[in-house]
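Engineer: First to last, the protein sequences are chains A and B.
Quick note on numbering that gives the first Met the number 0: the first sequence kicks off at 0 and runs consecutively.
Quick note on numbering that gives the first Met the number 0: the second sequence kicks off at 0 and runs consecutively.
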Amino acid sequence: MSLKIIVLAKQVPDTRNVGKDAMKADGTVNRAALPAIFNPEDLNALEQALRLKDACAGTTVTLLTMGPGRAAEIIREGLYRGADGGYLLTDRAFAGADTLATSYAISMAIRKIKEYDLIICGRQAIDGDTAQVGPQVAEKLRLSQITYAEEIQKIEDGKVTVKRRLEGGVETVEAKLPIVITVNGSAPECRPRNAKYIQKYKHAKTITEKQDAATAGYAALFDKRPYLNLQEWSVADVNADVAQCGLSGSPTKVKKIENVVFQAKESKTLEPTGDNIDELMRELILNHTIG
Amino acid sequence: MSNYFLDTPGLKHHLHHPLMRRIVELKERNYADKDAFDYAPYDYEDAMDSYEKVLEIAGGICDDVIAPNAEGVDHEGPAVNGGRVTYATGTQQNLDAVRKAGLMGIAMPRRYGGLNFPVTPYIMAADMVSRADAGFENLWGLQDCIETLYEFGNEDQRQRYIPRVCAGETMSMDLTEPDAGSDLQSVMLKATYCEKDGCWYLNGVKRFITNGDSDIHLVLARSEEGTKDGRGLSMFIYDKKNGGVDVRRIENKLGIKGSPTCELVFKNAKAELCGERKLGLIKYVMALMNGARLGIMAQAVGLCEAAYREGYAYALERKQFGKAIIEFPAVYEMAALMRAKADASRAILYETSRFVDIYKALDDISRERKLEPEERQEMKKYSKLADAFTPLGKGMTTEYANQNAYDAIQIHGGSGFMKDYTCERLYRDARITNIYEGTTQLQVVAAIRHVTTGTYLGRIREYEALEYKPETEGLRQKLIEMTSRYGEAAALVMEPKDSEYLDFHARRLVEAAGHCIMGYLLLQDANKDGENFRRSAEVYISYGQAEVNKIYSYITNFNREDLGYFKI
Chain A
0 MSLKIIVLAK QVPDTRNVGK DAMKADGTVN RAALPAIFNP EDLNALEQAL RLKDACAGTT
60 VTLLTMGPGR AAEIIREGLY RGADGGYLLT DRAFAGADTL ATSYAISMAI RKIKEYDLII
120 CGRQAIDGDT AQVGPQVAEK LRLSQITYAE EIQKIEDGKV TVKRRLEGGV ETVEAKLPIV
180 ITVNGSAPEC RPRNAKYIQK YKHAKTITEK QDAATAGYAA LFDKRPYLNL QEWSVADVNA
240 DVAQCGLSGS PTKVKKIENV VFQAKESKTL EPTGDNIDEL MRELILNHTI G
Chain B
0 MSNYFLDTPG LKHHLHHPLM RRIVELKERN YADKDAFDYA PYDYEDAMDS YEKVLEIAGG
60 ICDDVIAPNA EGVDHEGPAV NGGRVTYATG TQQNLDAVRK AGLMGIAMPR RYGGLNFPVT
120 PYIMAADMVS RADAGFENLW GLQDCIETLY EFGNEDQRQR YIPRVCAGET MSMDLTEPDA
180 GSDLQSVMLK ATYCEKDGCW YLNGVKRFIT NGDSDIHLVL ARSEEGTKDG RGLSMFIYDK
240 KNGGVDVRRI ENKLGIKGSP TCELVFKNAK AELCGERKLG LIKYVMALMN GARLGIMAQA
300 VGLCEAAYRE GYAYALERKQ FGKAIIEFPA VYEMAALMRA KADASRAILY ETSRFVDIYK
360 ALDDISRERK LEPEERQEMK KYSKLADAFT PLGKGMTTEY ANQNAYDAIQ IHGGSGFMKD
420 YTCERLYRDA RITNIYEGTT QLQVVAAIRH VTTGTYLGRI REYEALEYKP ETEGLRQKLI
480 EMTSRYGEAA ALVMEPKDSE YLDFHARRLV EAAGHCIMGY LLLQDANKDG ENFRRSAEVY
540 ISYGQAEVNK IYSYITNFNR EDLGYFKI
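(1) Are there three or more Cβ pairs, one per stretch, closer than 8 Å when the segment 168 to 176 of chain B is compared with the segment 206 to 222 of chain B?
(2) Taking C-alpha atoms, which residue in A:R80, A:I73, A:A48 and A:Y79 lies nearest to I178 (chain A)?
(3) Tell me whether the segment 523 to 539 of chain B and the segment 341 to 348 of chain B touch, counting them as touching only if at least three CB pairs, one residue from each stretch, are closer than 8 Å.
(4) Using only the alpha-carbon positions, how far apart do L302 (chain B) and W232 (chain A) sit?
(5) Between A190 (chain B) and F235 (chain B), how many whole angstroms is the CB-CB distance? I'm expecting something under 8 Å.
(6) Considering only C-alpha positions, which residue in the set A:R190, A:P134 and A:T98 is nearest to Q243 (chain A)?
(7) Expressed to the nearest angstrom, what Euclidean distance is found between the alpha-carbon atoms of G121 (chain A) and G133 (chain A)?
(8) Assuming K52 (chain B) and I197 (chain A) form a contact by the criterion Cβ under 8 Å, report the distance between their Cβ atoms to the nearest whole angstrom.
(9) So for L272 (chain B), helix, strand or coil by DSSP?
(10) Compare the Cα-Cα distances from A235 (chain A) to each of A:A124, A:M107 and A:L7 and report the closest residue.
(11) Rounded to whole angstroms, how far is the Cβ of V172 (chain A) from the Cβ of I154 (chain A), which I believe are closer than 8 Å?
(12) Considering only DSSP beta bridges, list what A301 (chain A) is partnered with.
(13) Does A96 (chain B) come within less than 8 Å of chain A when only Cβ atoms are used?
(14) Does any residue of chain B have a CB that is nearer than 8 Å to the CB of I74 (chain A)?
(15) Chain E beta carbons: is any one of them nearer than 8 Å to that of L10 (chain B)?
(16) Do L141 (chain B) and C273 (chain B) have their beta-carbon atoms positioned less than 8 Å apart in this structure?
(17) Got a sec: which bits of the segment 190 to 211 of chain A sit with their beta carbon under 7 Å from any beta carbon on chain B, in order along the chain?
(18) Along the chain, where does the beta strand (DSSP E) containing R559 (chain B) start, and where does it finish?
(19) What residue range is occupied by the uninterrupted beta strand (DSSP E) comprising H216 (chain B)?
(20) Mind reading off the beta-carbon distance from L465 (chain B) to A489 (chain B)? Whole number of angstroms is fine, and I expect it under 8 Å.
(21) Pull up the distance between the alpha-carbon of A314 (chain B) and that of G58 (chain B), whole angstroms please.
(22) Quick one: is R224 (chain A) near chain B, going by C-beta distance under 8 Å?
(23) When the Cα of T119 (chain B) is compared with those of B:E176, B:Y564, B:G413 and B:L14, which residue comes out closest?
(24) If we count the other Cβ atoms within 10 Å of its Cβ and call it buried at 16 or more, is K3 (chain A) buried or exposed?
(25) Roughly how many whole angstroms lie between the Cα atoms of R460 (chain B) and L521 (chain B)?
(26) Terminal residues of the continuous alpha helix (DSSP H) containing E44 (chain B)?
(27) Is it right to say N558 (chain B) is buried, meaning 16 or more other beta carbons lie within 10 angstroms of its own, or is it exposed?
(28) From which residue to which residue does the alpha helix (DSSP H) around D182 (chain B) run?
(29) What is the DSSP secondary structure of M296 (chain B), reduced to helix, strand or coil?
(30) Which word fits F135 (chain B), buried or exposed, when buried means at least 16 other C-beta atoms lie within 10 angstroms of its C-beta?
(31) Using a Cβ-Cβ cutoff of less than 8 Å, which residues in the same chain neighbour E55 (chain B) once the five nearest sequence positions on both sides are dropped?
(32) Are the CB atoms of P117 (chain B) and I22 (chain B) nearer to each other than 8 Å?
(33) For a contact defined as C-beta to C-beta under 8 Å, what are the partners of L102 (chain B) on chain A?
(34) Give a yes or no on whether the C-beta atoms belonging to Y79 (chain A) and L63 (chain A) are separated by under 8 Å.
(35) Spatial neighbours of Y500 (chain B) within its chain, please: C-beta separation below 8 Å, excluding the five flanking residues on both sides.
(36) Under a three-way DSSP split, which group does K195 (chain B) fall into?
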């Protein structure tokens, strides 16, 4: 059975290695100071999609991302790993979106794509940590959803079986397609870029990128190889209501930003004996630090 | 997260050597594949960009997967059960990663599913893989066997086997037997042709076979009953799917423990002839070995680099007498020499790979059409240079890998002797490099004729005639002096026309040639990129000059009659 899969992915600042100028004075993330990367859990999601593609002949994996022009890199990154195509939602009117406006824009783009069996995305992005966009997209499209997925185990008779990773255990659930699935970071890591795909897709560009003089030498390529033309969609392209997009469609207001410094408040020195270790383990389990 | 390709300036530097333009032009047949394959390059810049991008993938896997697995693989090692080999967990993960990344069959033509990369970028990946885990380099590097099948197999065999290797199946070359190591002429594994079944059957034992439970084997066997020498040997392809070969045991080795070294029992194993009968050893194995030797050079360079990095990092971090030990002359000299040996080894590795690239590409073209006279000349020139540089480079770099690993432990002091640090693994892993695919002593046997016929001297003169920046003139002068001492010593040894006397001094002469050549290569590197190579050029040429002087002194003070004292 061939499937049509849409993977939602976000380009995020790499907050895992933050320097001192990672935050601006107003408390927002200084995106310019941090390298832009593929949101890690979206990579886990992409891997789940690619595994389904490996298992079910004829399956296509399409990436959908929203962001500035440079977020086209996310689509190329997906293509390098085995995806078949992608769309970049980009428009000044999308800027400043909170999760509500983001999920609105994405759901409109998915309506435009029209055909899909699964929409897979990461649980949350490392820049906002909200875990709201996936579920909100599902609601807006009136689809069922499975969150915290660790493994999409099988797809049979229009039903998907998914293992979920929850606090304190796992749960296996079944649901009907089409569906939105959000994938946990504990799912298998994404496969590496592939040597053939990177050579095939390295010239893939959006219409905006094609205006850059550096690609001039390859102009003929874009006509000959249609897959090198990455789709760029604006608010109008996805028939979205401008008022519900970007800043104007975002009720979330940042009230205050606090800098939190982690500091050890109390410390304890123990002699390295078996009894002391047992005692410490008991204590840590009792106060729920571990276990 | 780092990347082995991006964190080693020498790689991009060597990749962008001027000779690459010719290599790529030949290999890509003027970019003829671009309409037939969506991943074929458009032009030279596009091809180079593709090499860089793919090497970046390999460099990422080295850092993310292979290097972190190296220690576990070293401890766990492979196992054999019921005649089949199971790799260590980490080895399996490494293989999965390189397969998924499409890094198998790199050098094969696109029509068989390969990437059609020249040898140079392929060897560059081997250099990085070895730095991550030298033992894994063996498994990954054995994909090079497919080159021999491509060169000498028929079209039907190419179509059946090459795509499998490009898809990730592994290979082995089954040459050594209990009584046939360096002396492969004594191979006894028996190949019998069965008229009824229309195929060959192999019977006998092979020993020390790296990755002996591979999917596709190239086997050297005696097809001509009653013969005793190399002319009775042919090359066969054995497909594991057909069965008939079992792994009797795997060796417990000093190093490269992740790579299974197998004893194989062939019991009526169905096989097919590769190429022509009787050419197995004299033609095909020689080709196979030349490729493998280049691979081992890459392995040695990776180890040189890894050992330098381990030693240097420790010297920066370790404090004694109130300061980092790197500040003491005794330590920084060691570190600088390790860096210089790594850079010199890398320089000769890629010089050699470029020679191989040109003659192999021309050789391949000669299968499609008749070469023009100047192309034939070009092929002859580079084939001879490859033939001269492969044993010299293999000998020099693998000895340096050992020396760097030794010094890495020395910098670590007592800690280096403990199993807690990577340097002890490097030390064990490096030890095989100057033994297998021909010991250094055998490399000298292959290289000495290029001392006597003047191949090395001729090439050195070409280097000497290049243009260098005035600030490196002092280095050039040193090299001119080294060359003249090398030439003088060689003439002195050759003069009596006594082959035993020549053999006695052969290693010294080959090494002296090596110092001159590697010195000139580093001088060229320093001229192109002073920031990254000037230091190494200075350090290496000073070291090389002292070594050549030592050799010169030994030879000029040696009485031929004294040879008797050495015969115990």
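Heads up, the beta-carbon is just placed ideally off N, CA and C, and yes, glycines get one too.
Here the structure is a predicted model, which means the values were calculated and not measured.
Structural biologist: Let me lay it out:
(1) yes
(2) A:A48
(3) yes
(4) 50 Å
(5) 6 Å
(6) A:T98
(7) 8 Å
(8) 5 Å
(9) strand
(10) A:M107
(11) With a Cβ gap of about 13 Å, V172 (chain A) and I154 (chain A) do not count as contacting.
(12) As displayed, chain A neither begins before 0 nor continues past 290, which places residue 301 (chain A) out of reach and without an answer.
(13) yes
(14) no
(15) Any reference to chain E falls outside this structure, whose protein chains are A and B.
(16) no
(17) R190, P191, R192, N193, A194, K195, I197, Q198, K199 and K201
(18) Premise fails: R559 (chain B) is in no beta strand (DSSP E) and is neither H nor E.
(19) I215 to R221
(20) Contact doesn't hold; Cβ gap of about 22 Å is too wide.
(21) 25 Å
(22) yes
(23) B:L14
(24) buried
(25) 15 Å
(26) Y43 to I60
(27) exposed
(28) Where D182 (chain B) is concerned, there is no enclosing alpha helix (DSSP H), given that its DSSP letter is neither H nor E.
(29) helix
(30) buried
(31) N2, F4 and L5
(32) yes
(33) A194
(34) no
(35) V492, R559 and L562
(36) coil
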